Amino acid sequence: MVFGRLKKKKQDDGSAEPQGTDAADTGGTEAEAAETQEPAEATPEAQRRELGPFDSAEKDSTEGYIDLGALKIGAAEGLQLRLEVEERTKRVIAVTLDLGGSTLQLQAFAAPRSEGVWDEIRQQIGLSVGSQGGTVQERQGTFGTELIAQLPAPLPDGTSGVRVARFVGVDGPRWFLRGVFGGPAALNAAAAAPVEALFRNVVVVRGDHPLPPRELLPLRLPKDASPTPNPATPARPGLTAPQRGPEITEIG
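Residue numbers (the numbering used here): 24 to 275.
Laid out in structure tokens, this is it:
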């Protein structure tokens, strides 16, 4: 049996009759090409809406979350929260999550409606770390472009060492969320996984009031927490008293 199209006989003048392209053949070629095309990658904003961190308008319920005002934190077994206070203004400027020996510092900022601020903030973080005698390295990570910063720090034996911090940033609708991973989660993927899950589960409450770009969104103690809890009897499980934030808070 012969497969394929039979060739037409030659004309009397010896020339071959032109062979056209059947519509069915063309359609088949286009269909095959369509099947081989790779699906378009989701935009960063589409990925954020699906995976988090989330805007408050994207969450039907935040039951079980710890309400800190501009940020709502999903509860997790073994999670400890530490609110950080700016000494000059006495306002809460960040929250640090402690889980499994690693830390995650969170700050939320106002951002323009039409563009993100992470590119600009990364440059400023680099300048700030450099002014403290440290170095930064940019890389592609779980949350897009990230920074690995190394800052001089004394070791327990008094010798000089470095402290590693991993900066991540996510632009949302009129807000920007920055996270700083410390401890094993700064470099170790296995240690980072549960802390990254905390970051993805964060809900940002931007509010309707106008704010200049990069203005800190206000944080506060949970409603059922005392402003001055007794260290021996915390106001609620997993929450410690407000305290002065680490030096890394001043970056950016």
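Ideal Cβ placement from N, Cα and C applies to all residues, glycine included. Everything numeric in this text was worked out from a predicted model, so none of it was measured.
Excluding sequence positions up to five away, which residues of its chain have a Cβ less than 7 Å from the Cβ of N224?
By 1-based counting over the sequence shown, the position of residue 224 is 201. Result list for N224: G75, G97, in chain order.
Taking just the CA atoms, how far does G123 sit from T251?
The sequence position of residue 251 within the sequence shown is 228, counting from 1. The sequence position of residue 123 within the sequence shown is 100, counting from 1. Confidence is the limiting factor: at T251 the pLDDT is only 41, short of 50, which leaves the residue's position unreliable, though a coordinate-based value still follows. Approximately 26 Å, taken between the alpha carbons.
Residue burial classification, G149 (beta-carbon count within 10 angstroms, cutoff 16):
By one-based count along the sequence shown, residue 149 stands at place 126. So G149 counts as buried.
Residues near L210 by beta carbon distance below 8 Å, same chain, minus five either side
In the sequence shown, residue 210 corresponds to position 187, counting from 1. These residues qualify, in order along the chain: I171, V187, R189.
To the nearest angstrom, how far is the alpha carbon of R136 from that of R237?
Here residue 136 is taken as the residue at index 113 of the sequence shown, counted from 1. Here residue 237 is taken as the residue at index 214 of the sequence shown, counted from 1. Answer to the nearest angstrom: the Cα atoms are 12 Å apart.
Rounded separation between Y88 and D121 - CA only
In the sequence shown, residue 88 corresponds to position 65, counting from 1. In the sequence shown, residue 121 corresponds to position 98, counting from 1. Approximately 16 Å, taken between the alpha carbons.
Straight-line CA distance for V140 to P235?
What you label residue 140 is simply residue 117 of the sequence shown in a count that begins at 1. What you label residue 235 is simply residue 212 of the sequence shown in a count that begins at 1. About 12 Å.
Less than 8 Å between C-beta atoms, sequence neighbours within five positions excluded: which residues of the same chain meet that for K246?
As a working mapping, residue 246 is identified with position 223 in the sequence shown. Excluding sequence neighbours, K246 sits near D90.
G72, DSSP secondary structure in three states
By 1-based counting over the sequence shown, the position of residue 72 is 49. Note on identity: in this sequence residue 72 is Arg, with Gly being the wrong assignment. Helix at R72.
Using only CA atoms, which one of A134, D231, A214, V185 lies nearest to V159?
Within the sequence shown, numbered from 1, the residue matching residue 159 stands at position 136. Minimum Cα distance to V159 is reached at V185.
Looking only at its own chain, which residues have a Cβ that is under 8 Å from the Cβ of P175, when we skip the five neighbours before and after it?
Along the sequence shown, one-based indexing puts residue 175 at 152. Excluding residues within five positions, the ones whose Cβ falls inside 8 Å are Q155, G156, G157, S183, G184, V185, R186.
Reduced DSSP secondary structure (H/G/I, E/B, other) of V152:
Along the sequence shown, one-based indexing puts residue 152 at 129. It is helical.
Quick check on the DSSP output: what are the complete alpha helix (DSSP H) runs of length 4 or more inside the region 168 to 252, in order along the chain?
212 to 223
Given a threshold of 16 other Cβ atoms within 10 Å of its Cβ, counted over all protein chains shown, does G206 qualify as buried or as exposed?
Position 183 of the sequence shown, counted from the start, is the residue given in the question as residue 206. Burial call: buried.
With burial defined as no fewer than 16 other Cβ atoms inside 10 Å of the residue's Cβ, what is the status of E219: buried or exposed?
Position 196 of the sequence shown, counting from 1, holds the residue named residue 219. Buried, because 16 or more other Cβ atoms sit within 10 Å of the Cβ of E219.
Put D142 into one of helix, strand or coil per three-state DSSP.
As a first step, residue 142 must be located in the sequence shown, where it is residue number 119. D142 falls in the helix class under three-state DSSP.
Please confirm whether R161 and V191 have their CB atoms less than 8 Å apart.
Translated into the one-based positions of the sequence shown, residue 161 becomes position 138. Translated into the one-based positions of the sequence shown, residue 191 becomes position 168. Residue identity differs from the one stated: residue 161 is Glu in this sequence, not Arg. Taking 8 Å as the Cβ cut-off, E161 and V191 do not qualify as a contacting pair.
Could you tell me the alpha carbon to alpha carbon distance between V226 and R114, rounded to whole angstroms?
Residue numbering aside, residue 226 sits at position 203 when the sequence shown is read from its first letter. Residue numbering aside, residue 114 sits at position 91 when the sequence shown is read from its first letter. Cα to Cα, the separation comes out at about 21 Å.
Using the beta-carbon count (16 or more within 10 Å), is T126 buried or exposed?
As a first step, residue 126 must be located in the sequence shown, where it is residue number 103. With 16 or more other Cβ atoms within 10 Å, it is buried.
Beta-carbon contacts of P67 that lie in its chain and below 8 Å, excluding the five residues immediately before and after:
As a position in the sequence shown, residue 67 is number 44, starting the count at 1. Here the set comprises G167, D194.
Could you pull the DSSP bridge partners for I96 from this structure?
By one-based count along the sequence shown, residue 96 stands at place 73. I96 is bridged to I89.
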